[in-house]
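Taking it in order: structure first as C-alpha cells, then the write-up.
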Ligand code: ATP
Ligand code: MG
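Numbering (UniProt numbering), first residue to last: 4 to 446.
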C-alpha cells in the first residue's frame, strides 16, 4: 500500500526504454512487504555504471569499483548498482573483486538474507527466487544459500543478522543461527568501525532484548568480552534481582533511545566482574567497581574508535552514575558546577534507568528523589541562580582592578566566591562580592 516515489518509477522506465533491466531491491523491498516506509530506495540494474551515467543528467560516483552510481532527481538521491557477482573473499570480509553480470538472479543470490534478496518492478511485481516473501511472513531471517559459507565469506553478516532481528523482531532461522554460533570467532576479522556501526543500530533498535543473541551466539565474547562476562556475575544483593548482564540489558531498555545514553547503560557496570566480594551472609558487594567501569569503558571506546566528545560524555556519566546527589539546592548546584548542565540532565536519566533495572520494590523511592532533584534544577534555572564561574557577578579582570596580582590566586578567589554564591545566591552582586574579597584578603 506504500506508494513508490515517482522518481523511482521514472528511473526504472528510463532504464527499460534504453534496453536495460531495472528493479528496486534490498531493504526497501523488505520494508514494502512489511508495510513500512523505506528510508531510501536502492535500485539494481543490468546497465553498467558508465551507461547509467549517460542516461541521467545528475549523477555522482558512490562506489564505482563496486558498480554503484548515485542519481539525483528532484534533489533526491538514489543509489543504482549494477548486477554483480562477488569474487573470492579475503580475510572473511570483502570480496577481492566484483564482476558484473546480466542476470538478476545471480545478483540476488550474492545477497545476505532471503528477506534482502527480493527485487520489485512496478509492472512485473516481485522477483523472489530464494523465498524471501515467505520468510518475511514467518518473521524469519535466513541466509541465502549455505549459511556456513556465507558467514565464512563475510563475517559481518552474522552481526547484521542479529541487528535485523533486533530492529524487526524477527527470529533467526535454526540453521542460520547454528552457523553464527559455529563461526562467531570470525567476527574478529571485521574492522572496529563496522562493528561499532552495527552495535549502534542494535542499541537503538526497538527490540533490545535481542541483544541477548549476541551473548548466546558467543559473538559478544569476541567483540565486547567485558560485557559478556557480566552475564555470569550474580549480584545476590537485596537491591538487585538479576545478574549484572541482565540488569545491564534492562537498564539499556529503560533509558531514552539516544546513542550516548544507550552506550552508558551498556557499559555502566562492566567493572563489577573484577570487583566482586561476598560477605559472610552470602551477599555480594562491588566496592570500587565504578572506577574500574570507567577504566574499562575507556579502553572499549578507544578500541571501537568512538569520537572524543561522545566518549568523554559517556565516561562522565559512568563515573557519576552511582553518586548520591543530596536533595538540597546547594548540592544540586555543586553537581551542576562539576559536570555541567547537559551531563546533569543525562545523569538523572541514567540513574532512573539504573533504578528501574535494579529491584522494582525500591524504585518508587528513587523515582521520587530524582523527580525532586529535577524540580530543584528547574527552580535554579527559573531564578537564574549562579552555578558557574561564567555567571558569577565578578570576573578575573574585576579582581585585577582591585590590585590582586594576575596568576593562580585569581582562580582560587573566583572558586571561593562561586562557593559562597552557591550557598547564598543573594550575594551574587559585584559590589557585595568585591567587598567580601577585600575583607578576606585584607586589601
Ligand atoms: P537498512 O534498512 O539497514 O538500510 P538494508 O537491507 O537496506 O537495510 P544495506 O546495508 O543498506 O541494508 O544493504 C543493502 C542491501 O545490500 C541489503 O539488503 C543486501 O541485499 C545487500 N547487502 C548489504 N550488505 C551485505 C553483505 N555484507 N553481504 C551480502 N549482502 C549485503
Ligand atoms: Mg539500505
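For glycine and all other residues, C-beta sits at the position ideal for the given N, C-alpha and C.
Three-way DSSP call (helix, strand, coil) for residue i in this model
i	result
residue 210	coil
residue 373	helix
residue 187	helix
residue 349	helix
residue 243	coil
residue 271	coil
residue 93	strand
residue 324	coil
residue 41	coil
residue 26	strand
residue 66	strand
residue 5	coil
residue 171	helix
residue 251	helix
residue 287	strand
residue 194	coil
residue 221	coil
residue 233	helix
residue 414	helix
residue 302	helix
residue 396	coil
residue 365	helix
Exposed unless 16 or more other CB atoms sit within 10 angstroms - verdict on residue i
i	result
residue 41	buried
residue 175	buried
residue 291	exposed
residue 128	exposed
residue 361	buried
residue 341	exposed
residue 150	buried
residue 25	buried
DSSP beta-bridge partners of residue i
i	result
residue 124	128
residue 116	146
residue 75	80
residue 87	103
residue 151	Its beta-bridge partners do not exist; DSSP assigns none.
residue 98	92
residue 46	27, 83
residue 281	287
Beta-carbon proximity of residue i to residue j, cut-off 7 Å
i	j	result
residue 190	residue 167	no
residue 130	residue 158	no
residue 336	residue 289	no
residue 240	residue 286	yes
residue 1	residue 385	Outside the shown range of the chain, which is 4 to 446, sits residue 1, and nothing can be said about it.
residue 322	residue 297	yes
residue 307	residue 195	yes
residue 261	residue 123	no
residue 255	residue 269	yes
residue 120	residue 147	yes
residue 79	residue 10	yes
residue 333	residue 426	yes
residue 250	residue 234	no
residue 93	residue 99	yes
residue 229	residue 273	yes
residue 163	residue 153	no
For the region 36-50 against the region 83-93, do three or more pairs of beta-carbon atoms, one drawn from each stretch, fall closer than 8 Å, so that the two count as touching? The region 36-50 is in contact with the region 83-93.
Pairing CB atoms from the region 175-188 with CB atoms from the region 217-237, are three or more of them under 8 Å? The way I'd put it, the region 175-188 does touch the region 217-237; three or more beta-carbon pairs between them come closer than 8 Å.
Taking 8 Å as the threshold, find out whether the region 51-62 comes into contact with the region 13-28 through three or more Cβ pairs. Yes, the region 51-62 touches the region 13-28.
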